[in-house]
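Engineer: If you're matching positions, the sequence shown starts at -6 in the working numbering and goes up one per residue. In this text, a Cβ means the ideal position worked out from N, Cα and C, and glycines have one as well. Nothing here was measured: the structure is a model prediction, and the numbers come from that model. Next up is a structure, given as structure tokens.
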Amino acid sequence: MPHSNTLPSRQLLHFKVLDIDLCLDLQRVLKILPLVAWQVVPEGPPYLRGLVNIRGNCLPMIDLAARLGLGRIPLSLDTPMLWCQSGEAQAVLLISSVSGGIAVAADALQMQPLFGEGSAPYLAAVVQPEGTALLLDMQRVLDIEMMAAIKNSFADPRALLDTLQPPA
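Shown next, in the form of structure tokens:
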């Protein structure tokens, strides 16, 4: 059997939230869906747009931009949703657009010290020739208690991406 020197790759879904490039482990994404009708939750947190019924499952519809402290996703009939799972938790995430699936070599994931501690909802920076994206930590994104700490303690992701860009 031939020996391969290639590092194992990770399958990611690349997408945008407003003007931010993000990625999710493809194993966390159950389905990409079009925008569906939802039920508003009165006095819910700003990131909770409402509840949706997906195949008999009542799931929270989370505006990922609001969860990351970036404002809100403008809604239209073309707004995509990601049905995601982390452990037992499931939710539908509103995003701006889907770029597609990518295979990323392990050495393209750059772990940053600020990702490992505190409440940053990111696992790594994904460095690609097209640019850098942030790999989301779904466990932290779907952790309601931790999101308050993220909003209060973590800087705008745009500033973080600027610091991760390779020098020209």
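(1) What would DSSP say about R42, mapped onto helix, strand or coil?
(2) Is it buried or exposed, C51, if we count other Cβ atoms within 10 angstroms and call 16 or more buried?
(3) With I66 and D56 assumed to form a contact (beta carbons below 8 Å), what rounded beta-carbon distance in angstroms separates them?
(4) In three-state DSSP terms, what is M54?
(5) Tell me the rounded alpha-carbon separation between L31 and Q4.
(6) What are the start and end residues of the beta strand (DSSP E) that includes V34?
(7) V29 and V45: beta carbons closer than 8 Å?
Structural biologist: Considering the structure as presented:
(1) Looking at R42 - three-state DSSP - the assignment turns out to be strand.
(2) Exposed, because fewer than 16 other Cβ atoms sit within 10 Å of the Cβ of C51.
(3) Rounded, the Cβ-Cβ distance is 5 Å, consistent with contact.
(4) Here DSSP, grouped into helix, strand and coil, assigns M54 to strand.
(5) Looking at the sequence shown, residue 31 is not Leu but Trp. Straight-line measurement puts the Cα of Q4 at about 30 Å from the Cα of W31.
(6) No beta strand (DSSP E) holds V34; DSSP gives it neither H nor E.
(7) Contact annotation: V29 and V45 have beta-carbon atoms nearer than 8 Å.
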